[in-house]
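Participant: Offset between the sequence shown (1-based) and my numbering: plus 5.
Cβ atoms here follow ideal geometry from the backbone N, Cα and C, with glycine treated the same way.
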Amino acid sequence: MPDSLRRLKSQRKIVALTAYDYSMARILSDAGVDLLLVGDSLGMVVLGYPSTHFVTMEDMIRHTQAVVRGHSSGLVVADMPIGSCDTVELALENCHRMVKETGVKAVKIEGMSEICAAVVASGIAVMGHTGLKPQTAERMAVHGKTEPEAEAIFEEALALERAGCFSVVLECVPTTLAKRITEVLTIPTVGIGAGPHCDGQILVSHDLLGLYPDFRPKFVKRYADLKGVISEAVEHYKNEIQEGQFPSEKESF
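(1) Quick one: Cα of residue 144 to Cα of residue 137, how far?
(2) Quick check on the burial criterion: 16 or more other C-beta atoms within 10 angstroms. Buried or exposed for residue 89?
(3) Ignoring anything shorter than 4 residues, give me the alpha helix (DSSP H) runs that lie fully in the segment 132-219, in order along the chain.
(4) Can residue 171 and residue 7 be called in contact, C-beta distance under 8 angstroms?
(5) Pick helix, strand or coil for residue 104, following the three-state DSSP scheme.
(6) With three or more C-beta pairs closer than 8 angstroms as the rule, is the segment 80-97 touching the segment 111-128?
(7) From residue 73 to residue 67, what distance separates their C-alpha atoms?
(8) Among residues of its own chain, excluding the 5 on either side of residue 169, which ones have a beta-carbon nearer than 8 angstroms to its beta-carbon?
(9) Does the segment 186-194 come close enough to the segment 208-215 that 3 or more CB-CB pairs lie under 8 angstroms?
(10) Smallest Cα separation from residue 113: which of 78, 43, 56?
(11) Between which two residues does the alpha helix (DSSP H) carrying residue 71 extend?
(12) Can you find at least 3 beta carbon pairs, one from the segment 29-40 and one from the segment 50-67, that sit closer than 8 angstroms?
(13) Alpha carbon to alpha carbon, how far is residue 213 from residue 230? Give it in angstroms, no decimals.
(14) Taking buried to mean at least 16 other C-beta atoms within 10 Å of its own C-beta, is residue 226 buried or exposed?
(15) Cα-Cα, which of 247, 197, 29 is closest to residue 216?
(16) Output the boundary residues of the beta strand (DSSP E) element that contains residue 26.
(17) List the DSSP bridge partners of residue 82.
(18) For residue 241, report the span of its alpha helix (DSSP H) as first-last.
(19) Return the Cβ separation of residue 261 and residue 109 in integer angstroms, given the expectation that the two are a contact with Cβ distance under 8 angstroms.
(20) Can you tell me which of 148, 78, 234, 167 puts its alpha carbon nearest to the alpha carbon of residue 119?
(21) Since residue 48 is in the alpha helix (DSSP H), which residue starts that stretch and which ends it?
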């Protein structure tokens, strides 16, 4: 299935979103999303942590299991959480555990091309990630503005392709750099805050749908205000209970 994503590079733009549970996975699957990423962003938008640094293997496994059940015929990629791939031995142990316990088709690893190569060689499909890497970044900002930093990101993208990654996420990099990488790589690039020239785009679904009001990055376009919709529905529910309108005869046995 990762191979089918690779073929899209020369056909059309790739559509990707994050998912963390069965119900959302079903909705996104039915809407025709190409790739669902079980992102370690679940630490913030689902579990309420201040960053991704608190997310564990157990967290990722449980949520990936749910998403795979909701998108069983499509491509699901699981983020490998911080610390899970610090050495080749750890990476092999944890990536194989992730695949075995969830049935996921691929994992995503931030940077670390040599470790990606070892995981790919062991038979697991890997999605690479360069640019801003939240697990290790000293600053949550655009990366690649200076020439040395841009060259380092460019070289890492090439190294991830050589490592056998089937795709690479480009996060928070200048549009010109993302365009250059996309034109050189033979594998698809999926951008988040990387401009319009990538082979595909991904956003955190909670950001796109207006479900996470705590923080809104510049690169996010909000397509719905589900927080407002949910708040209004709950207010209506509360009022009907307090006024004795719910449950009515229709909802009673």
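Facilitator: According to the data block:
(1) By 1-based counting over the sequence shown, the position of residue 144 is 139. By 1-based counting over the sequence shown, the position of residue 137 is 132. Going from the Cα of residue 144 to the Cα of residue 137 covers about 9 angstroms.
(2) The sequence position of residue 89 within the sequence shown is 84, counting from 1. Buried: at least 16 other Cβ atoms inside 10 Å.
(3) 152-167, 180-189, 210-213
(4) If you number the sequence shown from 1, residue 171 lands on position 166. If you number the sequence shown from 1, residue 7 lands on position 2. Their beta carbons are under 8 angstroms apart, which means residue 171 touches residue 7 by this criterion.
(5) Position 99 of the sequence shown holds residue 104. Helix at residue 104.
(6) yes
(7) In the sequence shown, residue 73 corresponds to position 68, counting from 1. In the sequence shown, residue 67 corresponds to position 62, counting from 1. Residue 73 and residue 67: Cα-Cα distance of roughly 10 angstroms.
(8) As a working note, residue 169 is residue 164 in the sequence shown. Once the five neighbours on either side are set aside, the close Cβ partners of residue 169 are 121, 122, 125, 126, 131.
(9) no
(10) Within the sequence shown, numbered from 1, the residue matching residue 113 stands at position 108. Residue 43 is the option with its Cα nearest to residue 113.
(11) Counted from its first residue, the sequence shown places residue 71 at position 66. Its alpha helix (DSSP H) spans residues 62-75.
(12) no
(13) Taking the first residue of the sequence shown as position 1, residue 230 is located at position 225. Taking the first residue of the sequence shown as position 1, residue 213 is located at position 208. Their backbone Cα atoms lie some 9 angstroms apart in a straight line.
(14) Walking along the sequence shown from the start, residue 226 turns up at place 221. It is exposed - the Cβ of residue 226 has fewer than 16 other Cβ atoms within 10 Å.
(15) Stepping through the sequence shown from its first residue, residue 216 is reached at position 211. Comparing Cα positions, the closest option is 29.
(16) Here the question's residue 26 lines up with position 21 in the sequence shown. First-last for residue 26: undefined, no H or E at that position.
(17) Taking the sequence shown and counting its residues from 1, one reaches residue 82 at position 77. Residue 82 pairs with 42, 111.
(18) Here residue 241 refers to the residue found at position 236 when the sequence shown is read from its first residue. Residues 231-247.
(19) What the structure shows of the chain is the stretch from 6 to 258, and residue 261 is not part of that stretch, so it cannot be assessed.
(20) Position 114 of the sequence shown, counting from 1, holds the residue named residue 119. It is 167.
(21) Here the question's residue 48 lines up with position 43 in the sequence shown. Note, residue 48: alpha helix (DSSP H), 47-50.
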